[in-house]
Structures are given as structure tokens and as C-alpha cells.
Amino acid sequence: MPDQLLYAMEVSLNGLMAGIMYALVALGFVLIFKASGIFNYAQGVLALFAALTLVGLQQGQIPFSHVINAIFGTELHSFGWTLPAIVAIALTALVMVGLAWLIERLVLKHLVNQEPIILFMATIGLAYFLEGLGDVMWGADIKKLDVGLPQGISETIDALTFNAFGYGFFIDRLDIVAAVVAALLVASLTLFSQYTKYGRALRAVADDHQAALSVGISLRFIWVLVWSIAGFVALVAGIMWGSKSGVQFSLSLIALKALPVLMLGGFTSIPGAIVGGLIIGMGEKLFEFFAGPLIGGATENWFAYVLALLFLVFRPQGLFGERIIERV
Amino acid sequence: MFYREAGDFKTSYVDDSQTFPIRFDRMRYYAVLVLGFGILPFVMNDYWANAVFVPFLIYAIAAIGLNILTGYCGQVSLGTGGFMAVGAYACYKLMTAFPWMPMPVNVLLAGLVTAGVGVLFGLPSLRIKGFYLAVATLAAQFFLVWLFNKVPWFYNYSASGQITAPERTLLGVAVTGASTPAWAKYLFCAVFLFVLAWLARNLTRGTVGRKWMAIRDMDIAAEIIGVNPLTTKLSAFAVSSFYIGIAGALFFAVYLGAAEVGEAFGIQKSFLILFMVIIGGLGSIFGSFAGAAFLVLLPVLLKNLLVGGLGWPTDLAAHIELMIVGALIIVFLILEPHGLAQLWRVAKEKLRLWPFPH
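Here you go:
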């Protein structure tokens, strides 16, 4: 097989893996948009906040130590323990549930029945707040996240492809783990929404708020629930991205990567988020591979958006989005 | 007591269609003009001009531009930063290619170039609506910033990739470049703001503005009563981008002097200007002024308070500032989703009756 084709295959495989990482963030968006019609810009910052909290808890860092030190002149830094990863993850999940409850209580409750743009702006405000809070609580330095996920080149795939084509593909083992986790997450979310009482309530709310209210579903509980789930998805995304590239501010920018995925897949479809992620991931890597050298590189910044834009011109609701029906 | 229409009789159509029908409003408007053009330029110092007034004037222009698109025509755009970059780079290319051209012409031409680019990126709005459109405009933001970073022609092959405004004079006074006096910067921007705001105010209450609002309120219904969505949406994109382009040109040439595209016109700028529009009030020219003033003053105040007043380290203060801005935005949206302009309207209604209760 010619080298060029082999490279392209490797690039597209890696693109698929990157796409899964995007899809992990996009999932959180879709969940919240479906259940409450809120376009949650803060999803990326939620992932950052979750990852920061996880690292902080794991290393026994004292929250707000910077502020305390600055005000009282003390030298506090750490409790001096390290938690096992699984305990830290469970604690962080609890923190995310608490955060969901607070968000519902302090923000969303007061914004019922507002226009979507106002809610969208509120989530941007929330994103600013959480970004500041995360930095104030845990410090703004770049942190290393290690919860024992495998990293580095996967020898199995390397050997397998070397035997088949005479050229070993480079696939990060972390990406494979991410793919498996994403598959599990989607499967369990689907099962949850199809077969459990609360899952059905969730779908009812997504379908029609007022009808759901009238059959006795508590809207506020559903919102806390859905923000908790979104927080949990953000935690998973935060762990994956944090292990890959360290926990730092740029983590919150992955939200911007997830937006074209959403547009492509449709704001209301969970499978759409995955398929959109795969298309975007593969598309942008292949475009960079073929066209990048010709036009100066770093096309990944915008290619996804332009692809999604062109796509939308032909199908305005995305691949799997609900058909938009307009009446006067 | 003074703030009412009573006794203000209208005898001609011109009287009837004036912008400020209440005498007190007219007086206030003239007073603001005298203050802005006759007093402030002579008393302000460098710090006030650079930290508060010049950014306020420029952001107000950008906010009016975005308000035309989002507030009046209902098309949410997150590409403001990218369009400002178009204005800045167009202005830079014009300034360096035609050194004899007067500066106001440069700025206006930069606005026209941006209007063209805006129409191009506005085309998808005919098919895409709502949040899909908002995200689609991000394509403009990222693509334009990338373009100005990667194509050396735009920054005249300078080694640093930055663009630097050469000195240009107007009526013998420098308006761009390092030796520009503060009052000249202020006056140059203020004249643009005044003319553009006057134009926007009159556009939005005429035929064009009513078409925009019809499309905003319900596009299908508007189409049925004979508003052409193609020309209406594209004209909103064109006018809005014209304003934003001018703001970008002034931001680069007059305020910054030198700019790097990712830093000066990144996605944060798009959000900042959208915040100004929302906090000020969608669909209100006064709101654009109020929102710009609020978001320009707030960081300056917080910084003075936290770093200057309490002596906290700068990085910590920056994070706390982020938290406060975020929280304030949320609080604001909860208390008054229609922005400062709505507060102003409520106050005016109260004033009309004062001192009587009903």
C-alpha cells in the first residue's frame, strides 16, 4: 500500500479518536438542551471545574488557600494527604451534584420563562463565575491529572497494523479508553432515559414542559437531575482531557470545539453528538493533513465550524436534529 | 413636574416625528452634547481618556452595531470580534497603501469593507436560525482570525505578525500614532460615535428599522406581509458590520496603536460586546451606550478597589474580578432581563407622573 494512504488512514483513525473526545463534551450540551432548552455555554468550564476539583481533592489541597494566604498572610497549602483516585472521583461527582443544585436554586429558578438568549447569556455569566471560582479555589497553575488511566502508544495496535501493512499506526491508549468510556456512557444514558422512571420523566420534560408539569413531574427536580448528569459527563470529559493535556485554563475552550459537533449532529440528539464528533474529528484531521501544508496550517481552529456551516445550509436542523416546523 | 408632554403642542409633522418629544429630554440631549464635545475634551487627562473614555466610545459604536443585528433584527451573532478584526486590518492596509488618504476616509472605507464581509457571512442566516446561526457566526470569528494570522500580506510581512498604526494627522493634529494627545483621540472617536448613533437612531425608526423588527418578531409573518427576508436580513448584516468595522478600525488605529489579531479581536471580544448589548438592553440605542459604559467602568472600578484599595496580588484580583463580573451578569439578567434601557424607561414613566401618585 502506498505510504500516503497509510498515513491518511492513521490520521483518520486518530481523528475518530479526537472526535470521541469532542463528543464527550457535546453530550453534556445535548442533555441540558433537550431537557430545558438552555444552550449551556458553561459545559466546557464545568469540565475544567470538575477536573480542578478532582486534582485538588486527590492531592489534598486546601480550597481557597490562595485567598486565605493573601488576606491573613498565612502559609496554608495542603492537608498533607493524597486520596485514592476512585474516592476522589466519587467526591468530585458529589461536588458536581451540589453545584447542579446550587445552579438550579440560585440561577435557573429565577429565569423560568425567559427568552433562550437570556438563558444563554446567563450560562456565559456562569462560565465566567465558575472559571474564576475554580482558579480562586485551587490556584491557576497547570496541574497534572493522573487517575491511573493507561497512556502512551498502544503496542497491540502498533504490532497488529505493522503485521498487516508493514507500518505501525500510532494510537494513544488513552484515546482507546476514552472511546470505550464514551460508548459506555451513551449506552447507559440511553438505557437510563428509556427504561427508568426518571429517564421517562426527563424525556417528558424535554418534549413539553407544561404537559410534563400537568402530569405531576417536578420540573425543578428534573433540572437538578439533568444538570447533575451534565456535571457527571463534564467530570468524565474533564478526566479524559485532563489526563491528555494537563488541567489548565485551555480546558474550558474545548466547549468551543464541541459547538460545531452539536451543529452537525443536531442540538437534540445524543447519537448525533457522537456521529457529529466522529465526522468533525476525522474531517479536521484529514483536512489538516491534506490541505494544511498548502495554506499555512492550524486549520483545525476553524475547519470544523466551516464544515458545520456548509452542512447546515443544506440541512438546517443538523443530521439527527428534530425537524424544525414553523407556524405563524 | 418638568418631565411631561403637557403644553408641548405639535403643529407640524416635523414636530410630531422628532426623536425627543419631551422638552426635558431635548434639553438633556443638548446638555450631554455640550458636556461631551465642549467640556470633557479640555479637562480630561491621559489616564481617564485611555482607561475609560476612548474604550467606552469605541465599544459603544460596536455595541450599537451588534444591537442593530441582534436587538433589532433578531440575528444573534458571535462573530463581532472577527468583524472588528476585518475593520482593523482594512484600516491598516489602507493607511499603509495610501499614506495621503485622510484618516476619516480610511475608517469609513474600512467600515465598508467590513460591511461586504458581513453580508458574505450573513448569507447563511437565510437558511439557519436561532442558536444554529449563533454558532455558525463563530465560523466567521475563527476563520477571520486565522486568516489574518496566516496570510502575511495582511500584516505587510512584518516580523512580529503585529500591525502598527503609522502616524496620521487631521487638521494638523495627530490622531493616530504614539504622539497623539488624549483629547484628539477622544474627539476623533466621539465625532464618529455621535454621527453613527444619530444615524442608527433614525434608521431604526424608519422603514428599514421597522422591517428589521418585523423579521425579528416573526420572520414568516413578516414575509407574508411583504417584507423581503433576503434584503432585510442582509441589510441588517451590512449596516451592523459597517458599525463594527468602524469600531474595529478605531480600536486598532486610535486606541491600541498596535494589535495582534488573536489577542485584540478574539472570541472574548465577541462575548464582551454581546454582554454590553444584553446588559444595556436589546433593541435600544441608549442601551448600547449604557451597556458599554457599564462594562468598561466595572473592571476599572474592581481593579482599583481590589488591587489599589485592598492590596491583593494582581492574579488573584483578576480571578475574583472574573467571578464578580460573572455573578453580576447573572444577577442582572435575573433582576432586569431587558437591561439598563428598561430601568431607564421605568424611571421615565415614574418621572412623568411625579410628584403625583397616579
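So the sequence lines, in the order shown, correspond to chains V and C. Just remember that this note's numbering sits 1 ahead of the position in the first sequence, which is counted from 1. Just remember that this note's numbering sits 13 ahead of the position in the second sequence, which is counted from 1. The beta-carbon is built from N, C-alpha and C at its ideal position, and this holds for glycine as well. Everything numeric in this text was worked out from a predicted model, so none of it was measured.
| Check | Outcome |
| --- | --- |
| Cβ contact (3+ pairs, closer than 8 angstroms) linking the segment 233–250 of chain V and the segment 31–51 of chain V | yes |
| Any C-beta of chain C under 8 angstroms from that of Glu132 (chain V) | yes |
| Beta-carbon proximity of Gln44 (chain V) to Ala256 (chain V), cut-off 8 angstroms | yes |
| Beta-carbon proximity list for Lys142 (chain C), same chain, < 8 angstroms, skipping 5 on both sides | Asp232 |
| Cross-strand partners of Arg181 (chain C) (DSSP beta bridge) | C:Thr189 |
| Phe370 (chain V) - containing alpha helix (DSSP H), residue span | Outside the modelled stretch of chain V, which goes from 2 to 329, sits residue 370 (chain V), for which no answer is possible. |
| Inter-residue CB distance, Val132 (chain C) and Phe255 (chain C) (contact presumed, cutoff 8 angstroms) | Between Phe255 (chain C) and Val132 (chain C) the Cβ distance is about 10 angstroms, and since that is not below 8 angstroms, they are no contact. |
| CA-to-CA distance, Gly282 (chain V) to Tyr306 (chain V), given in whole angstroms | 12 angstroms |
| DSSP beta-bridge partners of Ile176 (chain C) | C:Ala272 |
| Length at least 4, wholly inside the segment 233–277 of chain C: the alpha helix (DSSP H) runs in chain order | 242–263 and 274–277 |
| Cβ of Gln350 (chain V) within 8 angstroms of any chain C Cβ | No answer is possible for residue 350 (chain V): the residues shown for chain V start at 2 and end at 329. |
| Exposure label - Ile52 (chain C); buried when at least 16 CB within 10 Å | exposed |
| Thr245 (chain C) CB to nearest heavy atom of the ligand COA below 7 angstroms | Of the ligands one can find in the structure shown there are none, so the ligand COA has no counterpart to examine. |
| Nearest-angstrom Cα separation, counted from Val359 (chain C) out to Glu105 (chain V) | 29 angstroms |
| Members of the segment 345–361 of chain C near chain V, C-beta cut-off 7 angstroms | Leu346, Ile347 and Pro350 |
| Start-to-end residues for the alpha helix (DSSP H) that takes in Lys142 (chain C) | Per DSSP, Lys142 (chain C) belongs to no alpha helix (DSSP H) and is neither H nor E. |
| Euclidean distance between Cα positions of Ser301 (chain C) and Leu46 (chain C) | 17 angstroms |
| Limits of the alpha helix (DSSP H) - the one that Lys198 (chain V) falls within | Lys198 to Asp208 |
| Within chain V, the residues that Met339 (chain C) reaches when beta carbons sit closer than 9 angstroms | The amino acid at residue 339 (chain C) is misidentified as Met; the sequence shows Gly. What Gly339 (chain C) touches in chain V: Ile125, Gly126, Leu127, Ala128, Tyr129, Phe130, Leu131, Glu132, Gly133 and Leu134. |
| Start-to-end residues for the alpha helix (DSSP H) that takes in Met138 (chain V) | Pro117 to Trp139 |
| Straight-line gap, Leu287 (chain C) to Leu109 (chain V) (C-alpha atoms, nearest Å) | 20 angstroms |
| Sheet register partners of Lys144 (chain V) (DSSP bridge) | V:Val248 |
| Cβ separation of Arg223 (chain C) and Gly87 (chain C), assumed to be a contact under 8 angstroms, to the nearest whole Å | In fact, because the Cβ distance is near 13 angstroms, the residues do not count as touching under 8 angstroms. |
| Host alpha helix (DSSP H) of Thr220 (chain C) (start-end) | Thr220 to Asp230 |
| Stretch-stretch touch, CB-based, cutoff 8 angstroms, three pairs: the segment 306–325 of chain C with the segment 181–195 of chain C | no |
| Chain C contact for Pro317 (chain V) (CB, 8 angstroms cutoff) | yes |
| Alpha carbon of Ala231 (chain V) to alpha carbon of Leu279 (chain V), nearest angstrom | 20 angstroms |
| Beta-carbon spacing of Ala262 (chain C), Ala73 (chain C) below 8 angstroms | no |
| Beta-carbon gap between Ala354 (chain C) and Ser297 (chain C) smaller than 8 angstroms | yes |
| Proximity test, Cβ basis, 8 angstroms: Trp303 (chain V) and chain C | yes |
| Reference Leu310 (chain C); option with closest CA among C:Val267, C:Val274, C:Val99 and C:Val65 | C:Val65 |
| Residues sharing a beta bridge with Ser79 (chain V), DSSP | V:Gln62 |
| Limits of the alpha helix (DSSP H) - the one that Asn215 (chain C) falls within | Ala195 to Thr217 |
| CA-to-CA distance, Phe222 (chain V) to Val98 (chain V), given in whole angstroms | 12 angstroms |
| Leu131 (chain V) to Ile125 (chain V) span [Cα, whole Å] | 10 angstroms |
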